[in-house]
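Top line first, the protein sequences correspond to chains L and P. If you use my numbering, the first sequence corresponds to residues 126 to 531, in order. If you use my numbering, the second sequence corresponds to residues 535 to 768, in order. All C-beta atoms, glycine included, are put in the ideal place defined by N, C-alpha and C. Below is one structure, written out as structure tokens; comments come after it.
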Amino acid sequence: MKALAITILLAFRNLSRNRRRSALTITAIAFALVCLLIFGALKEGLHQTMISTTTDTDLGAIQIHGQGYAPNLVSLTTLPDPDRVTGDLNALGLTAFARRLKANGLILAGAKSAAVVLHGVIAEEEQRVTIVHQRIVAGSPPNEGREVMIGQGLAASLGLGVGDQLTVMSQDLFGTPASRKFTITGLFHTGVAAFDLGHIFLPLAGLQAFIDAEGMISEIAIAKTGGPLAPEILRLRQRLDHRYQVSAWQELAPDVTQLIALNDSTMAILIGIVFLIVAMGIVNTMTTITFERFREFGIIAAMGATPAGIMALVSAEAMAMGLMASIAGTVTGVAVCLYLARYGIDLTALTSTNQYFSNTHVLKAVLDWRTVAATNGFTLITALIAGLSPAWSAARQNPAQALSHP
Amino acid sequence: MSTTTPLITVTNVWRLFGILRQDRALAGVTMSVDSGDFVCLAGPSGSGKTTLLNLMGLLDLPSRGQVSLLGHDTRDLSLRQRAIFRRAHLGFIFQAYNLIPVLSVAENIEYPLILNGQKAQERSRLTRQALDLVGLNDHRHKRPGQLSGGQQQRVAVARAIAGSPPLILADEPTGSLDSETGAALIELLLGLNQELGTTFVFSSHDPKVIAQARRVVTLHDGQIASDIRPERQP
């Protein structure tokens with residue numbers, strides 16, 4: 126048995142001296158770890174829900190536009206040579222894409238009107254990128270040039286239904302006003318109220334004819350590939366020339382990106398506070414332990430343990446406590462996270478009108494093993510750091526004074 | 535006149551306590567201990583016995599004066615160097631046994647050997663040998679709390695002698711034992727002194743224990759009142 130081995134042995138055995146105190150401290154640290162793992166997994170689940178809602182409702186993971194495109198620009202920016210772009214996408218293996226023509230418009234129904242974005246889409250392509258065509262609650266998607274599909278909420282507010290007609294007004298490519306009657310063939314309900322009220326869908330050819338933009342599209346949306354986006358975007362930017370603008374969803378929806386960053390920062394602050402509390406708990410326990418065993422440290426010093434050896438012993442006890450809490454916390458936390466990953470928490474009452482919860486109102490935990498490893502690492506490092514101060518005071522004491530301690 | 539270097543030399547040692555150093559535990563003590571001695575520091579409580587033992591054992595630093603061990607001046611040794619010196623050359627026996635309660639009897643004896651870097655096989659042999667000497671080999675796996683006071687003190691003796699240090703310091707080794715067990719312990723220490731040549735310096739205020747010492751240094755108010763070698767009956 127080497128010095129390190131007996132130090133570790135002593136550390137673990139010393140924890141059993143005051144079982145209740147050790148158990149309480151370990152339980153407190155483990156509970157903090159469980160909370161962090163659950164919060165972290167729910168936060169990750171929330172982010173994934175927000176991202177999938179954002180990308181699956183409209184954006185896709187990547188969009189290609191003509192150079193100069195800006196999300197809020199009213200004028201239509203068309204995509205040059207769309208066939209060449211689709212050819213490049215197929216060559217790169219990015220086959221889940223949807224060509225679109227988007228324009229701003231106004232719909233009129235009797236005395237009521239609403240400002241909307243007109244989506245000219247090819248239904249088969251759109252289904253590979255977004256969920257709108259899977260969320261048809263009445264009728265069917267539009268096939269003919271003068272057919273349109275609108276949101277259920279919009280239809281209700283305008284007092285319209287499947288088979289009714291409405292008038293759509295817009296500008297053609299040259300700024301000339303255009304107006305045409307369309308028949309509603311279907312109603313959709315994504316769950317994102319703002320989207321359902323402000324977006325209507327037409328066949329691509331229908332919108333092209335309506336705004337005098339035959340053969341033109343304004344964007345291509347590409348679905349998530351499963352892998353990281355950055356390399357895909359790099360490949361696309363290398364393949365496409367300066368006439369094109371390739372954007373990730375993060376650039377197109379900066380509000381979501383910022384919200385995720387804000388959540389991460391809040392979580393980091395929470396982690397900091399929790400670990401500070403954990404550290405204070407360990408310092409408190411280790412200080413008590415050190416004070417109670419002053420005499421014993423004197424004996425060990427008399428036997429020939431160096432100050433570094435005594436410091437290692439006290440630190441090992443703090444680490445042993447951290448390790449046991451880490452194991453208990455991880456087992457419990459992972460079990461709870463796995464349960465929440467399977468069954469989730471039903472947040473319908475809180476999220477029914479939330480724009481980030483169109484896909485589901487059940488928040489499911491997403492366990493990231495890197496988070497588990499990092500949280501455990503933090504626990505052990507905190508235990509080590511928290512044990513240093515009591516260890517230092519134990520190591521620096523005069524052995525004779527320690528031996529006279531009651 | 536002997537030319538061998540004394541094992542311990544204490545020269546004009548003072549130990550003062552208090553913020554103003556107003557309390558004198560030792561006041562100008564000078565003495566030496568030769569190899570193979572069996573010395574008792576006698577005197578009433580507060581006379582400075584424990585303080586002198588602590589200084590001899592490098593557990594404390596003198597306020598003034600010099601302590602030399604095995605010919606080494608210990609004044610400039612760091613905490614670490616003093617610890618290393620202790621583990622290599624000194625053994626300790628305390629009044630309150632001072633065993634580590636979470637270690638077994640054998641592990642308590644092995645602990646200083648581990649610190650001293652002894653190999654596992656050698657440690658095992660030395661531990662068995664030390665336990666044989668104190669007659670506790672059957673209790674090697676027990677925890678100190680499972681032993682009587684006398685047995686615990688014998689374990690403390692085994693721990694002190696296992697590494698065969700040239701000097702063992704014992705502070706009131708019989709103080710917590712009944713007179714019969716105390717006498718048996720002193721017999722044990724005497725036997726080790728005679729068989730192994732180990733030097734013992736121990737403190738006591740028990741006349742029966744003092745009577746068994748070959749040299750008695752009596753302290754009074756932090757100073758040596760007498761230093762005698764009583765005639766021992768064969």
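Under 8 Å by beta carbon: chain P residues contacting residue i
i             : result
residue 135/L : 634, 636, 637
residue 138/L : 636, 637
Within-8 Å CB hit, residue i to chain L
i             : result
residue 671/P : no
residue 646/P : yes
residue 591/P : yes
residue 618/P : yes
residue 626/P : yes
residue 613/P : yes
residue 557/P : no
residue 662/P : no
residue 588/P : yes
residue 753/P : no
Spatial neighbours of residue i in its chain, beta-carbon cut-off 7 Å, leaving aside the 5 residues before and after
i             : result
residue 140/L : 147, 442, 445, 446
residue 607/P : 600
residue 649/P : 621
residue 673/P : 639, 681, 685
residue 193/L : 202
residue 279/L : 239, 321, 322
residue 302/L : 294, 296
residue 497/L : 162, 455, 459
residue 676/P : 638, 639
residue 560/P : 547, 548, 549, 582, 585, 586, 756
residue 514/L : 408
Residue i: contacting residues in chain P (beta-carbon distance under 7 Å)
i             : result
residue 444/L : Per Cβ cutoff of 7 Å: no residues; residue 444/L is ~17 Å from chain P at best.
residue 421/L : 634
residue 131/L : 645, 648
Beta-carbon spacing of residue i, residue j below 8 Å
i             : j             : result
residue 761/P : residue 751/P : yes
residue 372/L : residue 187/L : yes
residue 267/L : residue 322/L : no
residue 235/L : residue 331/L : no
residue 731/P : residue 582/P : no
residue 227/L : residue 217/L : no
residue 436/L : residue 165/L : no
residue 576/P : residue 738/P : yes
residue 151/L : residue 462/L : no
residue 271/L : residue 313/L : no
residue 158/L : residue 450/L : yes
residue 336/L : residue 387/L : no
residue 647/P : residue 689/P : no
Residues near residue i in its chain [Cβ-Cβ closer than 6 Å; skip 5 each side]
i             : result
residue 489/L : 170, 466, 469
residue 546/P : 562, 564, 599
residue 281/L : none
residue 221/L : 253, 348
residue 743/P : 708, 720
Partner residues on chain L for residue i, Cβ-Cβ distance less than 7 Å
i             : result
residue 727/P : None at all; the shortest Cβ gap to chain L is about 21 Å.
residue 621/P : 428, 429
Short CB-CB distance (under 8 Å) between residue i and chain P
i             : result
residue 161/L : no
residue 430/L : yes
residue 427/L : yes
residue 128/L : yes
Same chain, Cβ closer than 8 Å to residue i, neighbours up to 5 away in sequence not counted
i             : result
residue 231/L : 238, 239, 240, 241, 293, 294, 295
residue 138/L : none
residue 399/L : 157, 160, 161
Closer than 9 Å at the beta carbon, the chain P residues around residue i
i             : result
residue 424/L : 626, 628, 632, 633, 634
residue 143/L : Near residue 143/L there are no residues of chain P at all, since even the closest Cβ is about 11 Å away, more than 9 Å.
Chain-ordered chain L contacts of residue i [CB-CB under 9 Å]
i             : result
residue 594/P : 523, 524, 525, 526
Going residue by residue through the stretch 287-317 of chain L, where are the continuous beta strand (DSSP E) segments of at least 3 residues, counting only ones entirely within it? Considered as a whole, the stretch 287-317 of chain L harbours 290-296, 302-313 as its complete beta strand (DSSP E) runs of no fewer than 3 residues, in chain order.
Please go through the stretch 614-653 of chain P and give each complete beta strand (DSSP E) segment of 3 or more residues, from N-terminal end onward. 624-627
If you scan the stretch 547-615 of chain P from start to end, which runs of the beta strand (DSSP E) of 3 or more residues do you find wholly inside it? 557-567, 572-576, 598-603
If we require 3 or more residues per run, which beta strand (DSSP E) segments fall completely within the stretch 340-376 of chain L? 344-347, 369-373
May I have a chain-ordered list of the alpha helix (DSSP H) segments no shorter than 4 residues that lie completely inside the stretch 188-225 of chain L? If we require 4 residues or more, the alpha helix (DSSP H) runs fully inside the stretch 188-225 of chain L come out as 207-216.
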